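In this text, residue positions in the sequence shown follow the numbering used here: the first is -15, and each later residue adds one.
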Amino acid sequence: MKRMRETGLIVAVALLSLVQPTAFAQPVTIPVETKHHALVLQTDANKNLGIVYMGAKLADKNEYTHVPAMYKQTAEYTGVANAAYATAGSRNLFEPAIAVTHVDGNNSLDLQYVRHDSKKLDENTSLLTVFLKDPVYNFEVTLYYKSWFNEDVTEQWSEIRHNEKGNVVLNKYASAGLYLKAGSYWLRQYHGDWAKEMQAEETRLTHGIKTLDSKLGTRANLFQPSVFMISLDKPATEDEGTVLYGALEWSGNFRVDLELDNQDNLRIMAGINNYASPYILKAGEVFTTPAFVSVLSSNGKGEASRKLHNWARNYKLLDGKGTRLTLLNNWEATYFDFNEAKLKELLKDTKKLGVDLFLLDDGWFANKYPRNDDKAGLGDWQENKKKLPNGISSLVQEAQANGVKFGIWIEPEMVNPKSELYEQHPDWVVKQPGRPEHYFRNQLVLDLSNPAVQDFVFNVVDGLFTKNPTLAYIKWDCNAVIYNAYAARLGNQSHFYIKYVQGLYAVLERIRKKYPTVPMMLCSGGGGRVDYAALQYFTEFWPSDNTDPLERIFMQWEYSYFYPAITSANHVTDWGKQPIKFRTDVAMMGKLGFDIVVSHLKEKDMTFCQEALKTYNAVKPIIWQGDQYRLQDPLTNAVAAVLYINKEKTTGVVFNYLVSNRYDAGSLLPIRFKGLDPAKKYTLKELNVYPGTTSTIDSSKVYSGEFLMKVGFNPDVKAGRNSVVLEVKAVG
Ligand code: DGJ
């Protein structure tokens, strides 16, 4: 033991000198700097590329080289513990980012720095490219760091290639590696299931590896999404603490390893899940990983979210700065039970309600095996002649005649065994040839790794638009996970999970090339799929089938850490016990829609909804494009509150909800606002006041921003007044 310790010490001293400038080789220091933060890469004398710093930016770049000497941690036995892209089979003793088997069967990899290249893509965006090479094998990795200065956001991905004489097996191929130093690390992660998406857990990371992953193939986030946050030293609050958000931009199996090592440092490896997926890489072929996006904030979770929201709207999300359509969906109003006459009535209700679009949901297709429930018809995308004798086009025309737009539901990646598609193309279906089929919601997944299936899926969408050029919206559903992963036409089965997602993206690329901005909702039986790769093709996502507004307050709160409100499709339904006002108020904190029987609304409820829609049309630019401040957490308060304010800090909307039914629960204390201009004067007016009731808020009173932020304001939330929406307006 003693001997071991001594050896460790010697190694540590030797290594410490390696990360310092030495007589042997000058280290190359590469800071990836944004407005407030820096990720600093540095080579050692052996050309290993390590991460020597991640945190608040220093004014003098030269000082980053002093960082390693400030750490007197226990022995470092490998010399590569801080590797920017850790390899397997050589000196690294920790979880690798990459593990390979070379053509000769050798499992070792060592990646040395060759050169790097930095360029500015525009005023705000920079791209760093670092070339690494194995000194023994003809094997290379290029690391990419794309950074957005103002938003403090970085995307990392890698390209892997070789020129060996044959195929190399990639056993692991992460997108990114990160390395953090702190006294303690606090992970906020999410788990869930249908109707229970985005359940948060926040815990201190203990030593060893914590893995967040999915092996579901499609609907990959059903049990766990790849989004997470790590607070350093203590759990960050909304406004305090250092916190890193991370997310993989990939709509399939993912894997995030968080390894707390013997030195108490945290290594993060994020990428496609290598589960059942060794990738056979041919000589000369390039394997490009998806991007891992991260944002760092030294001022808590709120700032991290706002930066990510800005980044998403400005650079990632399809039509992020654009507008969205309010809608009436018929799913919960009719389920599968409708016909043309019924839909025509609903189209009239759409107009009467005052939304922009009618969205026809599941059940409009299939004839041999009509889609009258979820057991048949999926895959047969011809209008059901009995329900819709005049086809979709007559409904589109009818919508137009009513002055509303028309949208439609599809689930083009899936098939019911009871369908003509399954009968005609059994080889298009993902299933093991020698094993019994196993279904998820009575359906199976189509093999999108097959180009013929890609064409089919593209044609489902293209066909709808070609026949109905004014079709204005698509709800793209995805309800099944992948069991028995096997693709009949795919040579190498271990490529299946990857090729599936690549196939999906290939189809979405084609759709977006032809239909660049038509809004599409990313639905996956709820939030089973949302991620920033998919959101390049979709304008919004469906957070959950659970639309009980009380549940939604919690769920939307958690989603809002990572995704801006404009992406969140929130529908008013009959879920939950709350009155229509409460349900509408909650749904307004995003992209508002309705899924109710409008004709069943009581007169006052109808008037309320119509007025609320007018109000929503006036304030939606603030909710969609403004800054979001989470004021009071529903998990720890009887009243939850969220504020959105425009960039000029002149107009805002504050949503307040009672989330406890305990005795006397309510806004006993004022709620402190955030994000206002302390020097400006504001008035507060209650919005969405239910017909026949009177607001208890005096809208003639004027308060300074300072007062509202230091003292706060009491929205007077209590039983019987359990949902209060306030408009904050600068005066003078
Ligand atoms: C699941 C979706 O989440 C629902 O909104 C609805 O579209 C159904 N599928 C239709 O089958």
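Just so it is clear, CB atoms sit at the ideal spot from N, CA and C, and this is done for glycine as well. In this text, all values refer to a predicted model and were calculated from it rather than measured experimentally.
Item to complete: Report all residues from its chain with a CB closer than 7 angstroms to the CB of Pro675; omit the five preceding and five following residues, and keep chain order.
Response: Lys588, Thr591, Phe592
Worksheet entry | Reduced DSSP secondary structure (H/G/I, E/B, other) of Glu124 | strand
Worksheet item: When we look at the beta-carbon of Asn374 and count the other beta-carbons within 10 Å, is it buried (16 or more) or exposed?
Response: With fewer than 16 other Cβ atoms inside 10 Å of its own Cβ, Asn374 counts as exposed.
Discussion item. Are the CB atoms of Ile264 and Tyr157 within a distance shorter than 8 angstroms?
Written reply: no
Fill in: Between the CA atoms of Leu448 and Ser377 - distance to the nearest angstrom
9 angstroms
Discussion item. Could you check whether Gly230 and Ser215 sit closer than 8 angstroms to each other, using their CB atoms as the reference points?
Written reply: no
Discussion item. At a threshold of 7 angstroms, does Gly725 count as lining the ligand DGJ (C-beta to nearest heavy atom)?
Written reply: Because residue 725 is not part of the residues shown, which for the chain are -15 to 716, the question remains open.
Worksheet entry | Residue range of the unbroken alpha helix (DSSP H) whose run includes Glu287 | Glu287 -> alpha helix (DSSP H) spans 284 to 295.
Worksheet entry | Thr678, buried or exposed, once every other Cβ within 10 Å from all chains shown has been counted against 16 | exposed
Practice prompt. Could you tell me which residues DSSP pairs with Lys713 in its beta bridges?
Written response: Thr635, Thr667
Discussion item. Between Asp333 and Ser583, how many whole angstroms is the CB-CB distance? I'm expecting something under 8 angstroms.
Written reply: 6 angstroms
Worksheet entry | Range covered by the alpha helix (DSSP H) that runs through Asn32 | Asn32 -> no alpha helix (DSSP H), and no H or E assigned at all.
Fill in: Buried/exposed call for Gly167, threshold 16 Cβ in 10 Å
exposed
Worksheet entry | Beta-carbon proximity list for Asn134, same chain, < 7 angstroms, skipping 5 on both sides | Lys19, Asn108
Worksheet item: How long is the line joining the alpha carbons of Asn706 and Tyr319, rounded to whole angstroms?
Response: Here the alpha carbon of Asn706 sits roughly 30 angstroms from the alpha carbon of Tyr319.
Fill in: Among Pro699, Val708, Ala703, Leu692, the one whose alpha carbon lies nearest that of Ala714
Leu692
Discussion item. In the DSSP output, which residue or residues are listed as bridge partners for Pro15?
Written reply: Val24
Worksheet item: If you drop the 5 nearest sequence neighbours on each side, which residues of the same chain put their C-beta closer than 6 angstroms to that of Thr568?
Response: Counting only Cβ-Cβ distances below 6 angstroms, and skipping sequence neighbours, we find Val556, Ala596.
Discussion item. Just checking Asn463 against the ligand DGJ - is the residue's beta carbon closer than 7 angstroms to any of the ligand's heavy atoms?
Written reply: Relative to the ligand DGJ, the beta carbon of Asn463 is positioned inside 7 angstroms of a heavy atom.
Worksheet item: Taking 7 angstroms as the line, does the beta carbon of Trp348 fall inside it for any heavy atom of the ligand DGJ?
Response: no
Worksheet item: If you draw a straight line from the C-alpha of Glu407 to the C-alpha of Ala220, how long is it?
Response: Distance between the alpha carbons of Glu407 and Ala220: 55 angstroms.
Discussion item. Which residue marks the beginning of the beta strand (DSSP E) containing Tyr319, and which one marks its end?
Written reply: Note, Tyr319: premise wrong, no beta strand (DSSP E); not H, not E.
Practice prompt. Using 10 angstroms around the beta-carbon of Pro453, count the other beta-carbons present and answer buried if the total reaches 16, otherwise exposed.
Written response: exposed
Discussion item. Can you find the residues in the same chain that come closer than 6 angstroms, C-beta to C-beta, to Val441, ignoring five residues on each side of it along the sequence?
Written reply: These residues qualify, in order along the chain: Pro396, Val491.
Discussion item. I need the straight-line Cα distance from Glu124 to Ala464, nearest angstrom please.
Written reply: 37 angstroms
Worksheet item: DSSP state of Glu524, grouped into three classes?
Response: The answer is strand: DSSP assigns Glu524 an E or B state.
Item to complete: Could you tell me the distance, in whole angstroms, from the CA atom of Phe322 to the CA atom of Asn400?
Response: Their backbone Cα atoms lie some 21 angstroms apart in a straight line.
Worksheet item: Can you list the beta strand (DSSP E) stretches of 3 or more residues lying completely in the segment 121 to 186, in chain order?
Response: 123 to 132, 137 to 146, 152 to 165, 169 to 175
Worksheet item: Should Tyr547 go down as buried or exposed, given a rule of 16 or more other Cβ atoms within 10 Å for buried?
Response: buried
Discussion item. Less than 8 angstroms between the C-beta atoms of Gly577 and Asn554, yes or no?
Written reply: yes
Fill in: Other residues of its chain near Val51: CB distance less than 6 angstroms, five sequence neighbours each side excluded
Val36, Tyr37
Item to complete: Using three-state DSSP, classify Met573 as helix, strand or coil.
Response: coil
Practice prompt. Would you list, in sequence order, the uninterrupted beta strand (DSSP E) runs of no fewer than 3 residues that lie entirely inside the segment 38 to 107?
Written response: 82 to 85, 96 to 104
Fill in: beta strand (DSSP E) runs contained entirely in the segment 477 to 549, provided each spans 3 or more residues
Considered as a whole, the segment 477 to 549 harbours 504 to 506 as its complete beta strand (DSSP E) runs of no fewer than 3 residues, in chain order.
Worksheet item: Using the beta-carbon count (16 or more within 10 Å), is Asn46 buried or exposed?
Response: exposed
Practice prompt. Consider the C-beta atom of Trp608 and the heavy atoms of the ligand DGJ; say whether any pair is separated by less than 7 angstroms.
Written response: no
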